Amino acid sequence: MIDVLVVGGGNAALCAALMAVEAGASVLLVEASPREWRGGNSQHTRNLRCMHDAPQDVLVEAYPEEEYWQDLLKVTGGQTDEHLARIAIRASSSCRDWMRRHGVHFQPPLSGALHVARTNAFFMGGGKALVNAYFRSAERLGVQVRYETPIVAIELDGDRFVAARTASGERIEARSCVLAAGGFESNREWLIEAWGVNARGERPAENFLIRGTRFNEGVLLKAMIDAGADSIGDPTQAHMVAIDARAPLYDGGICTRIDCVSLGVVVNRDAQRFYDEGEDFWPKRYAIWGRLVAQQPGQIGWSIIDRKAIGRFMPPVFPGTVADSLPELARKLGLPEAAFVDTIAAYNAACRVGTFDHTALDDCHTEGLAPAKTHWARPIDAPPFYGYALRPGVTFTYLGLRVNDQAAVHFGGRPSPNLFVAGEMMAGNVLGKGYTAGVGMAIGTAFGRIAGTQAAKAAMKETTHAAA
Amino acid sequence: MQQLDALTREAVALAGGGARVIPILSVPEAEVGRQMQICNACRYCEGFCAVFPAMTRRLEFGQADIHYLANLCHNCGACLHACQYAPPHEFAVNVPRAMAEVRGQTYADYAWPPALGRLYQRNGLTLSVALAAGLALFLMLAVALNGTLWGGRLEGNFYRLFPHNLLVGLFAPVFLFVVFALGKGVTRFWRELTPATSGAPLSAPAAAEATQAVLRLKYLDGGHGEGCHDEDDAYTLSRRRFHHFTFYGFLLCFAATSVATLYHYLFGWHAPYDLPSLPKLLGVVGGVSLMIGTAGLWRLNRRRHPLQGDAAQKPMDLGFIALLFLTSASGLGLWLGRGTPALALLLCLHLGAVMALFATLPYGKFAHGIFRTAALLRHAVEKRLPNPVGLGAD
Chain D
1 MIDVLVVGGG NAALCAALMA VEAGASVLLV EASPREWRGG NSQHTRNLRC MHDAPQDVLV
61 EAYPEEEYWQ DLLKVTGGQT DEHLARIAIR ASSSCRDWMR RHGVHFQPPL SGALHVARTN
121 AFFMGGGKAL VNAYFRSAER LGVQVRYETP IVAIELDGDR FVAARTASGE RIEARSCVLA
181 AGGFESNREW LIEAWGVNAR GERPAENFLI RGTRFNEGVL LKAMIDAGAD SIGDPTQAHM
241 VAIDARAPLY DGGICTRIDC VSLGVVVNRD AQRFYDEGED FWPKRYAIWG RLVAQQPGQI
301 GWSIIDRKAI GRFMPPVFPG TVADSLPELA RKLGLPEAAF VDTIAAYNAA CRVGTFDHTA
361 LDDCHTEGLA PAKTHWARPI DAPPFYGYAL RPGVTFTYLG LRVNDQAAVH FGGRPSPNLF
421 VAGEMMAGNV LGKGYTAGVG MAIGTAFGRI AGTQAAKAAM KETTHAAA
Chain V
1 MQQLDALTRE AVALAGGGAR VIPILSVPEA EVGRQMQICN ACRYCEGFCA VFPAMTRRLE
61 FGQADIHYLA NLCHNCGACL HACQYAPPHE FAVNVPRAMA EVRGQTYADY AWPPALGRLY
121 QRNGLTLSVA LAAGLALFLM LAVALNGTLW GGRLEGNFYR LFPHNLLVGL FAPVFLFVVF
181 ALGKGVTRFW RELTPATSGA PLSAPAAAEA TQAVLRLKYL DGGHGEGCHD EDDAYTLSRR
241 RFHHFTFYGF LLCFAATSVA TLYHYLFGWH APYDLPSLPK LLGVVGGVSL MIGTAGLWRL
301 NRRRHPLQGD AAQKPMDLGF IALLFLTSAS GLGLWLGRGT PALALLLCLH LGAVMALFAT
361 LPYGKFAHGI FRTAALLRHA VEKRLPNPVG LGAD
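Chains as they are written, first to last, in the working numbering: chain D, 1 to 468; chain V, 1 to 394.
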C-alpha cells in the first residue's frame, strides 16, 4: 500500500507530494487532466505574495507580516481566519529557498507589474514553468504520477481516510491522503445553482466565462461535503475579474483581462455607468469588476476609451471595436445610441481635468455625477473611440473544506487523523472574499507543504500501528 | 487565403483612411503577429530571452518588427514549455515554431542574388548537389593531374597533387563571393530593421553587449543560466555547449587557414605543416572541436521536442551539421592518412566538402548566425532607449 495519496496536480498538490516524499513516504499523485493540461489553475499564475523584513533577491524593501495581514484583512472585509492567515503569511517568508531547490526560478516583476515589486516574487516563465519544475522534481524523487485519473469519491471509516475511488471505478488505498483538487469553477450547473435567479429573472452564472482550468468541476469537493466534511465559505464568492467577452470559455488566463477600465468609462447594456472606474489603481480594483459586471443586466459591460488612452495600458489580447464617432461606436457595439451619447456627454461635462497622471492617483475627477469617477477623469472626445465588451471571468471559487493549522479535514468539528486538504479546496478558510495578487499561491504553497508533512507523519503512524 | 484577404482589405481600408500602408504579411508573418498580440497581453516569458522585452516595446507588429523578433529568437523552447496557451489550448501559441517559420523565410527573402534565395526551399537537395559537385570537381581534377586516386608519388605533400595557386584560384573567388553575398543580404536586413528599432545608430556599448551575447550564446541560457530545452521541459546546457564546440571549432579551423596563408605569403613557409606548428595546432583542435560539436548538435536536433521549431527546416539544419562534420572529419582524416596511398582520395574528399560548405554558406543554415547577430545588435541599440510604450501600471 502506498503511504500518501495526493489528489490533484496543481501547486498545492505538488507541494504536498514533495514534502511527503522528502519526509520518506511513498507517494502517488493522481491528476484528473491529461499531461498537457496538468497543473490546474497554477499554470495560469505568475507570482507569490511574500512577507519579508528586508530586501530579498528579487524583492525590494520590506513587506512585514503586519502589513501583509492588514492587506488581507482589507480585501476580505474580515472574512478570514487570522490564525491560519498568519501561518500562510509567515510561511511565505521562508518557502522560496525550498521552491528553488525544486527547480523554481524567480525574477523581478514583469513590465506592467512594477507596482508589486515590493510584495510579490514572480516565477520566471509563470506558473506553468513552476508546475513543470515541481513535476520533474517529484518524479526524480520517486513520486508516482498518474494523469487522467479523476477521483470521484473518498471511502471513509468514520473520520479516517481508507481509499479513493476513481471515475473508472478503481479503488486506491493509502495510509493517508491529501486532497488538492481545486474549486468548482468549471462546473456550470453548480455555479448556476449557487448564483440562482436574480431580480430580473436571469441566471447570471450562465454568462460567466472561466479564466481557470476546465478540470475543476468540484466533484470531490461536493462528495466530501455530502460525506459530512465541514465546509467553509459562500459558493458565490470567487476570484472574479472583468475579462474580454470574446475570451475562450475555459483557460483564458491572464491575457484576457481588459486593463483600460480606469482610463475611460464602463457602461452596461442600457448604456449607463454603474461604478467609479477611477476608484484606485486598476491592479487593485480589477478583482472587484467581475462581480460588478455580474450584477448588470445580461452580465455584460463595455469599457469605452478614446485615443488618449492608447499605449497607457497593457495591450489587450483582442483588438477593440473602433469608431470615429460616439454614435457609430454605440451602433457597432449594439448599445442604445441616444442613451450612450447622453451618458458620455454627461460624463464629459462633469470632468474636472487637473493634471492627468496615470501613474498616480491624480486630481482628474468628476463633479455632480453619479456614480462619480474619482481619478483619471478626462472627457472621452478624441477619436477614434474604442469599446471592449466585458464579461465576468471566474478564476477560482472560494467554497471549501474547513481546516485547522495542520490542514486536516474536519467532520463535525473534529479533525481527521489522516485526511488533509490544501489549495483552492481550503483557500476559503483564509480568503472569504476579495483577492490580492499572489495570495492564492501563498496559501497553496503554505498549506500544501503542511498537508504533505502531516500526511507523511500520519502514514508513518499508521505503519507503526499496523506493525504493533 | 481568408486571412490574406482580410489583411488585404484591412490594408486597403487603412490606406484609404489616409493612415499608412501596411505591407501585406505572409501567412507565417501574420501568425507571428497574432501570437505576439497574445504574448504582449501575457508577458510571463519576459525573463527568458531578448524577444519578449523587445515585444513589450511595441503595441503593433509590422513586417519589419516580425522579421526582427523572428531573428532575435534562438528557438530555445523555454516559452513553449512554459506557455499556458500552447497547444492543445485553442490559442495554439507556439512562439519558437512561428518564429522559426518566419526566420526561414527571411533567409530566403534577404538572400543575394535574390533568385538564389530559392535554394533555401529544398536545402537538403541544395547541399547534396553542392557536395556531389565539389567531390566530382576534385576527383576529376585529381585523375586529370595525377592519373590515379590511389598512391602516386605525392610523398605526403598535397601541393604535388593540387598546386597552391590552383587551390587559391578555386577557393578565393568562392570565398569572396560568399562574403559579398552575405554582406549584401545582411545589409538589406539591417536597413529594414533599423527604422523599426528606433533608427538610432549602433553605439560602442551596444555593439559590445551584442557581441558578448553572440560569443557566449547568452540566449541559450534560459535567463537563469540553467540552459534551454531539447526533448522536454527540462533545462539543459548541452545545446549551448555543443554550439560553442561547433562555433569555436569552425573559427579555429578558419584561423588555421588564415595563419597558413600568412606563413605562405609572408614568410614563404609552405604547407604541409605538422605538429607542433601553429596552423596544425589550430586545425587539429578546431577540427576535433567541430566534430564533437556537430555530432552533439545532430543528436540534439534528432531528439528535439516535436512541437519546437519548424520541422520543414530539419533538412537544412541537419544538412549543414553533416557538411560541417564531414569537413572536419575529412580534414583530420587527411592529416592522419597523409603518409598512405589514400592521400589523394582523402584530399579530394576534404576539398570537395570544404568547397560545398563554402559555396552554400549564403544559402543555408550558416545564415542564422549572421542574421541573428544583426538582430541582437539592433536589440542592444533599442533597449538603451526609453520604452516608447508607457504603461500606467508601471
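All C-beta atoms, glycine included, are put in the ideal place defined by N, C-alpha and C. None of these values were measured; they are calculated from a predicted model.
Residue burial classification, H83 (chain D) (beta-carbon count within 10 angstroms, cutoff 16)
H83 (chain D) should be labelled exposed.
Secondary structure of Q121 (chain V), DSSP reduced to three states
coil
Figure out for me which residue from D:H52, D:Y68, D:L48 and D:V7 has the closest Cα to the Cα of R38 (chain D).
Just measuring C-alpha positions, the residue of D:H52, D:Y68, D:L48 and D:V7 sitting nearest R38 (chain D) is D:V7.
Suppose the cutoff is 7 Å on Cβ atoms and the five residues either side in sequence are ignored; what does the same chain contact list for A77 (chain D) look like?
Checking the displayed sequence, the identity of residue 77 (chain D) turns out to be Gly instead of Ala. For G77 (chain D), where only same-chain residues beyond five positions count, the Cβ hits under 7 Å are K433 and G434.
Taking 7 Å as the threshold (beta carbon to beta carbon), is Y44 (chain V) in contact with chain D?
yes
If you run the structure through DSSP and keep just helix, strand and coil, what is D244 (chain D)?
strand
Taking the alpha-carbon of H244 (chain V) as reference, which of V:P279, V:W269 and V:V288 has the nearest alpha-carbon?
V:V288
Taking the beta strand (DSSP E) that S176 (chain D) falls in, what are its first and last residues?
S176 (chain D) -> beta strand (DSSP E) spans R171 to L179.
Between G126 (chain D) and chain V, is there a C-beta pair that is closer than 7 Å?
Contact of G126 (chain D) with chain V is assigned, a C-beta pair being separated by under 7 Å.
Do A130 (chain V) and A356 (chain V) have their C-beta atoms within less than 7 Å of each other?
Cβ atoms of A130 (chain V) and A356 (chain V): closer than 7 Å.
Tell me the rounded alpha-carbon separation between L347 (chain V) and F158 (chain V).
7 Å
Run of the alpha helix (DSSP H) containing R291 (chain D), from where it starts to where it stops
W282 to A294
Contacts of H379 (chain V) in chain D (Cβ-Cβ under 7 Å):
Here the premise fails: no neighbours, minimum Cβ distance about 15 Å.
Out of V:F242, V:D310 and V:V178, state which residue places its alpha-carbon closest to the alpha-carbon of P96 (chain V).
V:D310
Residue of D:L292, D:R269 and D:R214 minimising C-alpha distance to D276 (chain D)
D:L292
What separation, rounded to the nearest whole angstrom, lies between the Cα atoms of P417 (chain D) and A25 (chain D)?
16 Å
Identify which residue in D:R211, D:P235, D:H105 and D:A323 has its Cα closest to the Cα of R257 (chain D).
D:R211
Consult DSSP for N157 (chain V) and reduce its assignment to one of helix, strand or coil.
The answer is coil: DSSP assigns N157 (chain V) none of H, G, I, E or B.
CB-CB length for G400 (chain D) against A427 (chain D), believed under 8 Å:
6 Å
Are the C-beta of A356 (chain V) and some C-beta of chain D separated by less than 7 Å?
no
On the criterion of 16 or more Cβ atoms from any shown chain inside 10 Å, does K74 (chain D) qualify as buried, or is it exposed?
The residue is exposed, with fewer than 16 neighbouring Cβ atoms inside 10 Å.
Determine the burial state of L125 (chain V): buried for a count of at least 16 other Cβ atoms within 10 Å of its Cβ, exposed for fewer.
exposed
Sufficient close CB pairs (3 or more, under 8 Å) joining the segment 162 to 179 of chain D to the segment 195 to 205 of chain D
Contact between the segment 162 to 179 of chain D and the segment 195 to 205 of chain D is not established, with fewer than three Cβ pairs separated by less than 8 Å.
Tell me whether F274 (chain D) sits in a helix, a strand or coil according to DSSP, three-state version.
coil
Reduced DSSP category for T453 (chain D) - H, G, I as helix; E, B as strand; rest coil:
helix
Buried or exposed by the 16-neighbour rule on C-beta atoms within 10 Å, applied to M332 (chain D):
The sequence given here has Lys at residue 332 (chain D), not Met. Flag for K332 (chain D) reads exposed.
Between the CA atoms of N47 (chain D) and Q56 (chain D) - distance to the nearest angstrom:
About 15 Å.
Distance check for Q63 (chain V) and A446 (chain D), CA to CA, integer angstroms please.
Straight across, the Cα-Cα distance linking A446 (chain D) with Q63 (chain V) is about 47 Å.
Which same chain residues, not among the five before or five after H81 (chain V), have their C-beta less than 6 Å away from its C-beta?
H229 and D233
Less than 7 Å between the beta carbons of G278 (chain D) and S303 (chain D), yes or no?
no
Using 10 angstroms around the beta-carbon of P28 (chain V), count the other beta-carbons present and answer buried if the total reaches 16, otherwise exposed.
buried
Which residues mark the beginning and the end of the alpha helix (DSSP H) in which Y110 (chain V) is found?
Counting along the chain, Y110 (chain V) falls outside any alpha helix (DSSP H), and DSSP gives it neither H nor E.
Residues of the segment 25 to 45 of chain D in Cβ contact with chain V at a cutoff of 7 Å, in chain order, please.
E36, Q43 and H44
Leaving aside the five residues before and after G249 (chain V) along the sequence, list all residues of the same chain whose C-beta is less than 6 Å from its C-beta, in chain order.
Within the same chain, G249 (chain V) has close Cβ partners G286, S289, L290 and G293.
How many angstroms separate the CA atom of V21 (chain V) from the CA atom of V174 (chain V)?
The pLDDT assigned to V21 (chain V) is 49, lower than 50, so where the model puts this residue is not dependable, and the model offers no usable value.
Pull up the CB-CB distance for L326 (chain D) and F385 (chain D), whole angstroms please, since I reckon it's below 8 Å.
About 6 Å separates the CB atoms of L326 (chain D) and F385 (chain D); that is less than 8 Å, so the two are in contact.
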